[in-house]
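FYI, the numbering for the sequence shown is 1 to 1132, going by my numbering. The beta carbon of each residue, even a glycine, is placed where N, CA and C say it ideally should be. Below: one structure, written as structure tokens.
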Amino acid sequence: MELTKINMWQNFFAIRTLMAMFLGIDTCKTYDARQYILLGKIRELINEQYLCLFNNLFHVKFPTSEEVSKMNKDAQKEEMETILVKILENAVEKEVLIFVIDEAQFIDTASWDFLNNLLKKIAIFIVMSLSPINHKGRLSCPSAAQIMNSPDTTYIQLRELTPSVIIQKACQDLGVISIARELETFLIQRSHGNPFYCEELLRNLHLNNVLQFHLVEEDEEKEDEWDSLFTTTVLKSQESKNLNSEAESYICTIKQNVKLHSIMLPPTLKGIALAELDNMNPSEQMVVKCASVIGVTFTTELLLHILPEWTKMKMNQTLAALVESHIFQCFSEIKELYATLKEDEFSTELQLSSKTVKPMGKTSDPGLVVSSRLTQEETVMQCRVMRFCTPLLQEAAYELWLKNQQKALHLKCASYLEWHAHRCRCCGEGDFISFHRYAVEGMLENIDAREAKTEKITDELNQTALKIVSETLKKLEPSKHEVCKYFSLASSKHLALENLQESNGDTISCESWKETRVPRRSREDTVQRNVIMQDSFRAEVTEMEFLKRMDEIIFLTGMGKKNDKTVSSCECEEIVESVIVPLSQHCIALGDYTRAFYYLLECASGYVHLFNNYLAFTYLNTAESMLRSSEFKQKTVSQFEESILYSLKGEVSYNMGQITLAKKLMKKALSLLKKSFPITLVGAFFMSMVETSRHLSHQKKQASWQMPSGKEKKLAVLFQQGHCLSLLWQLFSLDLARSSKKFSRLAALMKVNCAEESQDDSQIISSYMEFSLCCQLMGYQHEWMKYELMAIQRSSYLRVVGEGILIITKLALSLAYMKLCLGNLPLAIQLGSRAHELCEQLKKPKLDCIVLLDLFSALFLSTRYEDAVQVLSWLEELSIQDDNIIGQAYFISGCLNLILYAGFAFRPFQHCMDFVLTNETNCILMSQNNIMLGLYSSLAIWFARLHLWDDFMQPFEQARRLVRRTSASLYANHGFCKFVECEALLLRKYIEEKPDKAREMRNRIVKNLEQVMTQCSTSPVFYPRVFHLKAYVQLMLEHDENSQSLLEMAFQNSDLYGNDLERSWLEMSKEWWFTGRSPMEDWWLKTAPDFPVWKVGMTALEMGAFSKNKYLLKVPELDISIHLPDSTGTLA
């Protein structure tokens, strides 16, 4: 049943209609027909003298009985409701009853009272759909509130449709397999995820003859990868086409010279919005109309700027009333609500608390009303950015302005917003595309003077604050020989300086780290390792100084946040939503297409900066369509801006896993920037020589730290070239082919040269760290250490403000990762802790997810489980709130590691497996070979340990296909180690059950063990795991002496690289294999799958004896000497 607004004032209408439908009399045209059906269904349930009670209810004419005539109206009503309840009680005994009511907010008061009484007596299901409740969440009567707040009531909030679903729905409604890209963007932007809006927009376009339909020819080419980046409709429709090849397929396009952005709202949608606007008073209407010109998201400062002769107090009072009526909403509240919904992603049923919905009383305390309004006004005063709750209202209100009024207001808004069109102070305040405005003619008007003034003030504040903080810390600083302190992660999410503790077992002074490692060096690689250790020891002194400087920075950022002067949290999202996006729309409305194109690129870059690839994709499509439009043909677009378009498309493609497309777009962008990149190995060889010579030349010149003024246009090109090269080396690093490694190193070196030519500290530091990471992935350890040290030394020249803090945070992240690879886990923990603190203060959730993963890994390998669980909980919360699928994959990987190797669970295995199976076709995760290798191998290990070999084969085969497509990164090597463990368990099965296959598997695992040993040179923290697996394979092959030797090497390397996790497993293996007097119990197998759950805040004592839950690597039960003769080589 569907209700309308008028039904709210019709007494008992909802129940009368519902019961008529239930009794089957709603379609009867005569009263005789209704009476006949009623008698047939209820004659046996009630006395005939009470049938006349239904006369007014169902429009029938039963004779009035004497007993009923003696009743007053209240008694008649009570008796009638009793009879209705009795009818439903009888029906419930026979079958389950489900009533569905659409637009339930229009139920009348009498019907609410009846439903409340009915639900207390009879177990029936009622499904209601309600629109958002206005007036502070109050319903019109107490009965409605009681039903909504009942513990038996489940509240599910319907969310907007995702863009891909909107496109699929449009294709389905139009009967086509594909729609034009412009139509996709139009529907997604204007439907706002509402399926009804989508239908009305399509109907309006069809009625105005805007749509064209074309038959798809058999030889017609498919859409390119860019167009289908976020769309699966074409793939699904192609599958259906294959199933029914005889059916003709169509595509939908837009007629030429049609501007979709100028299409007016359909009358149906406009009427809905205008009806809401009519219910407002004149002041509220004026505010809504002015806000509609700014956009869906707007700043209160700009709103006051364009309101005609309004005071700030009057505006705040009106805004408070509109917020109370759910017309506007504070931008920060929207983000909090979205985060809450994401936290409930796996449990969409949300119980309403008793305070959620309140009945609307007829009288209220005037004092409470005034107090509530003042509180609302105070909240509005603190809110700088607001947003329309219903974007449809914004469009309808905008169309009420006359054309000349719209133009005047757009011009006023654009001139105001241009002063604020830059990144936030936390991120450096520059353009989202570095020095973009300097590279485009006409974009510097009225900007330079204000910029210089702002920079001067910021410099003064920063220098003063830094001086004060440095002097204060020097007074408090202990002696230089005192052991450094590190962060304790046990009890607080904020890893603040107050949590620093001293611990004899975890100190990271250079002397102690050196002493623990030197004595256990093996003679075979003493020379090579000594060179590495010399670099490492030399770097450690610098790293200690860097840690102290980070403590100063954290203290400074904390003081800056309190004083709100030099340091603030990232506000780029608000700036993009409320400044850059509206600016592009204002410029389009004014016909200034050059500036519109400029700000569309800024929008796309801003959303890439915010990791919102879809919106970046949308604005890049809009910019590309504008570039090809007839209005733009007379304009000249610089090659620089065209290169930005291609580079941003390449970056979005890379983020979405389209590696080949990303390479092509990045090379195109570089060619437009007049920076050639070779396509052959010969070309790469000669260019490497040239770039190496340039790099040495830059090193010898020791140029001044700052480039002379007036070179901003050159800087824009250099920064853009460096950005393209940065992505290009990462793209090539994903390919393990030798040629790709050469191209990767060349691109990273070219990035260094671009940065050094720019003489920008932040660019140089980033390029050094990237080159260091590139060398680490390729195994060039001397260069790896050298450029790491150079980056740290250069960072001492950075200003501790804005982008400088962000660069230092990224530097700490890179250092923590490298120390984790090298096995200096205490230092990795210290660096990671400080990087996490800064990420939280700067509000960089994507970066923080990477920090938390490395921090968890270091704590996990150190067997600091209590801290590791705490960090893992932060990673889960952050990745869900930010809708970060890669962060969620990190979290699941950590959960699987705890189950497989620590003997307890943070999330059950089924939860982890469901995530992998649900998201294994996600295009973002499919591009992350390193992550997926670890996830598939973990699933395969689980099934192999439990002897579920049918379930084992699928994830094992998936992992096997990924092994050769991963890099030499830390997590790729960890995944490779897990895969080899799978092969070891499979070898044991073959030895016991299929000896004829054992030889082939033995040869394969020997080869893979040598391969993983070579790859782990970039992450020696996993050497103990490799030696452990080698020892196990030798034991299965009955080479006991080799096995003991390898096991001893595993012990030495676990001590050398601080891998306490592996050492605890090695001790059990040694006892089980060689020194055990009696058989050991395999507690891991006995506990699986119900592992103890370690909740946040629990201690190791509370968990009990979980440490014994280690899987025992058992020796095959059969004698295999006959089937497997000694191999020609050894694994050592």
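N-terminal and C-terminal residue of the alpha helix (DSSP H) that residue i is part of
i, result
"Thr299", "Looking at the DSSP string, Thr299 is not in any alpha helix (DSSP H); the run it does join, the beta strand (DSSP E), is Thr297 to Thr299."
"Tyr1032", "Tyr1023 to Met1036"
"His782", "Gln781 to Ser795"
"Arg628", "Asn613 to Arg628"
"Arg34", "Tyr31 to Ile42"
"Trp1136", "Outside the displayed span of the chain (1 to 1132) sits residue 1136, for which this structure offers no information."
"Ala868", "Tyr865 to Gln881"
"Glu642", "Gln639 to Asn655"
"Ile808", "Glu803 to Leu822"
"Trp1065", "Asp1060 to Lys1070"
Of the listed residues the options, nearest to residue i (C-alpha basis)
i, options, result
"Leu1061", "Glu1081, Pro1024 and Leu1047", "Pro1024"
"Gln49", "Gln168, Phe196, Phe22 and Met80", "Met80"
"Ala940", "Arg964, Asn919, Leu896 and Gln870", "Leu896"
"Pro195", "Lys1086, Asp173 and Leu813", "Asp173"
"Ala868", "Ala684, Ala889, Leu859 and Trp874", "Leu859"
"Val1016", "Tyr1111, Arg960, Leu820 and Tyr890", "The sequence shown places Cys at residue 1016, rather than the Val named in the question. Among Tyr1111, Arg960, Leu820 and Tyr890, the Cα nearest to that of Cys1016 is on Leu820."
"Ala170", "Glu1067, Val652, Arg203 and Ser150", "Arg203"
"Glu1010", "Lys997, Leu1029 and Val1021", "Leu1029"
"Phe732", "Phe719, Leu746, Gln720 and Asp278", "Leu746"
"Gln256", "Ser1019, Asn209 and Leu811", "Asn209"
"Leu400", "Leu265, Phe856 and Thr299", "Leu265"
"Gln958", "Met926, Ser676 and Arg945", "Met926"
"Tyr250", "Ile177, His192 and Leu260", "Ile177"
"Asn279", "Ala321, Asn56 and Trp310", "Ala321"
"Tyr1057", "Lys86, Phe1091 and Leu822", "Leu822"
"Ile850", "Ser862, Ile126, Asn884 and Leu207", "Asn884"
"Tyr598", "Asp431, Leu935 and Ile124", "Asp431"
Buried versus exposed call for residue i [16 or more other C-beta atoms within 10 Å across all chains shown]
i, result
"Phe12", "buried"
"Pro391", "buried"
"Lys425", "Residue 425 is actually Arg in this sequence, not Lys. Buried is the call here."
"His214", "exposed"
"Met778", "buried"
"Tyr990", "buried"
"Met315", "buried"
"Leu497", "With a pLDDT of only 33 at Leu497, under the threshold of 50, the placement of this residue in the model should not be trusted, and no figure is reported."
"Glu602", "buried"
"Trp112", "buried"
"Ile765", "buried"
"Arg159", "exposed"
"Gln910", "exposed"
"Trp1138", "Because the chain here runs from 1 to 1132, residue 1138 falls outside it and cannot be looked at."
"Met785", "buried"
"Ser1133", "Nothing can be reported for residue 1133: it is not among the residues displayed for the chain, which extend from 1 to 1132."
"Trp9", "exposed"
"Leu115", "buried"
"Ile508", "A caution first: Ile508 carries a pLDDT of 36, below 50, which makes its placement in the model unreliable, though a value can still be read off. Buried, because 16 or more other Cβ atoms sit within 10 Å of the Cβ of Ile508."
Beta-ladder partner(s) of residue i, from DSSP
i, result
"Ser178", "Ile251"
"Ile126", "Phe99"
"His214", "Ile251"
"Glu2", "Asp102"
"Val1093", "Ala905"
Residue i, enclosing beta strand (DSSP E) - first and last residue
i, result
"Arg387", "Val385 to Phe388"
"Phe328", "Phe328 to Cys330"
Proximity test, residue i beta-carbon vs the ligand PLP heavy atom, cut-off 8 Å
i, result
"Gln793", "Looking at this structure, you won't find the ligand PLP or any other ligand, since it has none at all."
Chain D within 9 Å of residue i, Cβ atoms only
i, result
"Gly40", "Among the protein chains of the structure shown there is no chain D, as only one such chain exists."
**Message:** Would you call the segment 610-619 in contact with the segment 424-443, where contact means no fewer than 3 C-beta pairs closer than 8 Å?
**Reply:** no
**Prompt:** Does the segment 586-598 come close enough to the segment 406-421 to have 3 or more Cβ pairs within less than 8 Å?
**Reply:** yes
**Request:** Would you be able to state if there are at least three C-beta pairs under 8 Å between the segment 16-29 and the segment 67-83?
**Result:** no
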